[in-house]
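**Q** Numbering (the numbering used here), first residue to last: -2 to 208.
1) Does the beta-carbon of residue 124 have 16 or more other beta-carbons within 10 angstroms, so that it is buried, or is it exposed?
2) Reducing DSSP to helix, strand and coil, say where residue 201 ends up.
3) Can you grab the Cα-Cα spacing for the pair residue 67 / residue 91, in whole Å?
4) Report the CB separation of residue 139 from residue 79 in whole angstroms; it is logged as a contact under 8 Å.
5) Quick one: what's got a C-beta closer than 8 Å to residue 16's C-beta in the same chain, skipping five residues either side?
6) Quick check: the Cα distance between residue 143 and residue 131, rounded to an integer number of angstroms?
7) To the nearest angstrom, report how far apart residue 202 and residue 87 are at their CA atoms.
8) Would you report the Cα separation of residue 1 and residue 64, rounded to the nearest angstrom?
9) If you draw a straight line from the alpha carbon of residue 233 to that of residue 76, how long is it in whole angstroms?
10) Taking the alpha carbon of residue 118 as the point to measure from, which residue in 197, 56, 194 and 153 has its own alpha carbon closest?
11) Answer with buried or exposed for residue 12, where buried requires no fewer than 16 other C-beta atoms within 10 angstroms of its C-beta.
12) Taking the alpha helix (DSSP H) that residue 73 belongs to, which residues open and close that run?
13) Mapping DSSP to helix, strand and coil, what is residue 115?
14) Helix, strand or coil for residue 42 per DSSP?
15) Going by C-alpha distance, which of 29, 161, 83 and 134 is nearest residue 54?
16) Please tell me whether residue 150 and residue 141 are closer than 8 Å, where the distance is taken between their beta carbons.
17) Indicate the three-state DSSP secondary structure (helix, strand or coil) for residue 141 in the structure shown.
Shown next as structure tokens:
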């Protein structure tokens, strides 16, 4: 493994284990088996390391989700694949999501640039989820809906239970096994709510299963 990749791998481990504030450059250098000066040479600072970790993760996520949009599937199938991919990625990278929140707490300017770079690298002129809702609405596959608000609602429905897994049992006043079973139940619930809320022939108190 090249020096730069070794540093980045070690930094990801340390930062996601200890949090940004608790991570120390000395420990990162030790795990990467390099001297501390090389960390600054390649990435400049701990913040630079965080930015590169986020950049690579967002590039991977956008590439996955963009592929679902490019597949040009009927909306119910595209929605199902999108939710599944997104929830699986967030659940597998829960600590990375906390890094995103840390960056948002600093104002989010660098995070916004990371997303812009990821969309540009993936050849996406806009967020792939916004594009999915926009396309489905224009085709009449779903009722007319603001694609940005729809995308925000879907991301929040996927993201919050994973980020807040430690307080979900308190909010729900019951125990939740936040592992595979919970994720699969969460996917089914999100699909049921969104499809039955967006299908073009929807009427009050009228529901059907997700196709």
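Heads up, the beta-carbon is just placed ideally off N, CA and C, and yes, glycines get one too.
**A** Straight from the coordinates:
1) With 16 or more Cβ atoms within 10 Å of its Cβ, residue 124 is classed as buried.
2) Note on residue 201: pLDDT 45, under 50, position unreliable in the model; no value is reported.
3) Residue 67 and residue 91: Cα-Cα distance of roughly 26 Å.
4) Between residue 139 and residue 79 the beta-carbon gap is near 13 Å, outside 8 Å, which marks them as no contact.
5) 95 and 99, listed in sequence order.
6) C-alpha separation (whole angstroms): 8 Å.
7) Note that residue 202 has pLDDT 46, beneath the 50 cutoff, so the model's placement of it is unreliable and no number is given.
8) The straight-line gap separating the alpha-carbon atoms of residue 1 and residue 64 is approximately 28 Å.
9) Outside the displayed span of the chain (-2 to 208) sits residue 233, for which this structure offers no information.
10) Among 197, 56, 194 and 153, the Cα nearest to that of residue 118 is on 56.
11) Taking all protein chains shown into account, residue 12 has 16 or more neighbouring C-beta atoms within 10 Å of its C-beta and is therefore buried.
12) Per DSSP, residue 73 belongs to the alpha helix (DSSP H) from 72 to 89.
13) The answer is helix: DSSP assigns residue 115 an H, G or I state.
14) Here residue 42 sits in coil by DSSP.
15) For the residues 29, 161, 83 and 134, the minimum Cα distance to residue 54 belongs to 83.
16) Their beta carbons are not under 8 Å apart, which means residue 150 does not touch residue 141 by this criterion.
17) Coil, per DSSP.
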